[in-house]
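Enquirer: Encoded as structure tokens, here's the structure I'll be asking about.
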Amino acid sequence: MRAFHDLDQARTSSGSVLTIGTFDGVHRGHRRIIARVAQEARMAGLQAGVLTFVSTPREVLRPDTPVSYLSSLEERIDLLREAGADFVVPVTFDRDLAGVTARDFARQLTDVLAMRRLVVGPDFAMGRRREGTVPVLAEIGVELGFSVITVDEVRNDTERVGSSAIRRLIVTDGNVDAATAMLARPYSLSGSVVHGHHRGKALGFPTANISIPARRAVPADGVYVTRARLGNSRLQSVTNVGDNPTFRDEERMIETHILDFDDDIYGQTLGVEFLTRLRGEETFPDADSLVRQMRQDVQNTREYLAQTE
Numbered sequence: 005m006r007a008f009h010d011l012d013q014a015r016t017s018s019g020s021v022l023t024i025g026t027f028d029g030v031h032r033g034h035r036r037i038i039a040r041v042a043q044e045a046r047m048a049g050l051q052a053g054v055l056t057f058v059s060t061p062r063e064v065l066r067p068d069t070p071v072s073y074l075s076s077l078e079e080r081i082d083l084l085r086e087a088g089a090d091f092v093v094p095v096t097f098d099r100d101l102a103g104v105t106a107r108d109f110a111r112q113l114t115d116v117l118a119m120r121r122l123v124v125g126p127d128f129a130m131g132r133r134r135e136g137t138v139p140v141l142a143e144i145g146v147e148l149g150f151s152v153i154t155v156d157e158v159r160n161d162t163e164r165v166g167s168s169a170i171r172r173l174i175v176t177d178g179n180v181d182a183a184t185a186m187l188a189r190p191y192s193l194s195g196s197v198v199h200g201h202h203r204g205k206a207l208g209f210p211t212a213n214i215s216i217p218a219r220r221a222v223p224a225d226g227v228y229v230t231r232a233r234l235g236n237s238r239l240q241s242v243t244n245v246g247d248n249p250t251f252r253d254e255e256r257m258i259e260t261h262i263l264d265f266d267d268d269i270y271g272q273t274l275g276v277e278f279l280t281r282l283r284g285e286e287t288f289p290d291a292d293s294l295v296r297q298m299r300q301d302v303q304n305t306r307e308y309l310a311q312t313e
């Protein structure tokens, strides 16, 4: 699988089946679309390609609305490859691109990437003022030599599977179980292990404090059963997200206690998969009360993982 930096670098004359979008998180709905892209490409002897916007267009069109992301660009590219893409082209969405007509952008895709088929969801639209709806793109395709294929959305019991719904489940509700069902994998974060207040070790529960890149979606405050990824190892762990109200800290932190582990891993990259939320963040009257709860959190974590692994 190839990843390019712009359309010109990805230029091809061999013919392609494309889909376009941000694809943040590469959830089950995205995977259905990409699976269809790959299927169409294999049947026609074409390349399966994905154009992914580096940042969501909402950041440009509504700059006053903060955006958090379910995946970094690098993670997204890896997930798109796993989903079936032969090549991925990250595209920077800016004011200039926002002003390009649907016909002109489609012509660029046919000229540069030899697009023969475009696979999209039913509510897809592209181009200036979202003028390029599915019916409009179908008409443009007759002129430029490509067809438009729509793929039904994926729904769970109550709502459409989408990045916004997943962000709400994670960031607002802390419902990582439901997010896992939409993503088809546990939600994860990774970052460098940095020094914190070193209270955990003094209390008998050493923690790895993880530095997370800005604008990543962080689960709601609370304590979670997690799996830690260190190199090729997957380790049982319990993770606290919050600002430690018992000690009146003001900085929000992600602190992971890896079970039966006490190695020095400062500076290393640690990944954390969030499996389920044990409880919300609480304020305890003293350190002894906190330690008793931490012991219970570890016990609950062991029991949960014993039932699921």
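Adding 4 to a residue's 1-based position in the sequence shown gives its number in this note's numbering. Yeah, the Cβ is synthetic: ideal placement off N, Cα and C, and Gly gets one too.
#1: Count the other CB atoms within 10 Å of the CB of residue 20; is the residue buried (16 or more) or exposed (fewer)?
#2: Label residue 284 either buried or exposed according to how many other C-beta atoms from any shown protein chain fall within 10 Å of its C-beta, with 16 as the threshold for buried.
#3: Do residue 170 and residue 183 have their C-beta atoms closer together than 7 Å?
#4: So if DSSP puts residue 129 in a beta bridge, which residue, or which two residues, is it bridged to?
#5: Using the Cβ count rule (16 or more neighbours within 10 Å means buried), how would you classify residue 167?
#6: Is the closest heavy atom of the ligand COA to the C-beta of residue 153 under 6 Å?
#7: Starting from residue 20, follow its DSSP beta bridges and name the residues at the other end.
#8: Residue range of the alpha helix (DSSP H) that residue 13 falls in?
#9: What does the Cβ neighbour count give for residue 29, buried or exposed, with the cut at 16 atoms within 10 Å?
#10: Residue 219 and residue 308: beta carbons closer than 7 Å?
#11: Comparing alpha-carbon positions, which option in 278, 259, 115 and 111 lies nearest residue 187?
#12: Just to confirm, is the Cβ distance from residue 84 to residue 110 under 7 Å?
#13: With DSSP as the reference, please indicate the residues paired to residue 153 in a beta bridge.
#14: Which of the three DSSP states is assigned to residue 145 in this structure?
#15: As a quick exercise: from 164, 197, 23 and 65, pick the residue whose alpha carbon is nearest that of residue 32.
#16: For the alpha helix (DSSP H) containing residue 299, list its first residue and its last residue.
#17: Between residue 179 and the rest of its own chain, which residues show a CB-CB distance below 6 Å, the 5 nearest in sequence each way excluded?
#18: Since residue 276 and residue 310 should fall inside the 8 Å C-beta cutoff, what is the C-beta to C-beta distance between them, to a whole number of angstroms?
#19: When the distance is taken between beta carbons, is residue 123 closer than 7 Å to residue 41?
#20: On a Cα-Cα basis, can you pick out the residue from 22, 226 and 195 that is closest to residue 155?
#21: How many angstroms separate the CA atom of residue 251 from the CA atom of residue 286?
#22: Would residue 244 be called buried (16 or more neighbouring beta carbons within 10 Å of its own) or exposed?
#23: Please return the same chain residues whose Cβ sits closer than 8 Å to the Cβ of residue 99, not counting the five positions on each side in sequence.
Expert: The short version:
#1: buried
#2: That one is exposed.
#3: yes
#4: 137
#5: buried
#6: No copy of the ligand COA occurs in the structure displayed, which carries no ligand at all.
#7: For residue 20, which the question treats as bridged, DSSP gives the partners 51 and 119.
#8: Looking at the DSSP string, residue 13 is not in any alpha helix (DSSP H), and its letter there is neither H nor E.
#9: buried
#10: no
#11: 278
#12: no
#13: 123
#14: helix
#15: 164
#16: For residue 299, the enclosing alpha helix (DSSP H) starts and ends at 291 to 312.
#17: 173
#18: 19 Å between Cβ atoms; not a contact.
#19: yes
#20: It is 22 whose Cα lies nearest to the Cα of residue 155.
#21: With a pLDDT of 49 at residue 251, under the threshold of 50, the modelled position of that residue is not reliable, and the figure given next carries that caveat. The C-alpha of residue 286 is placed about 11 Å away from the C-alpha of residue 251.
#22: buried
#23: 64
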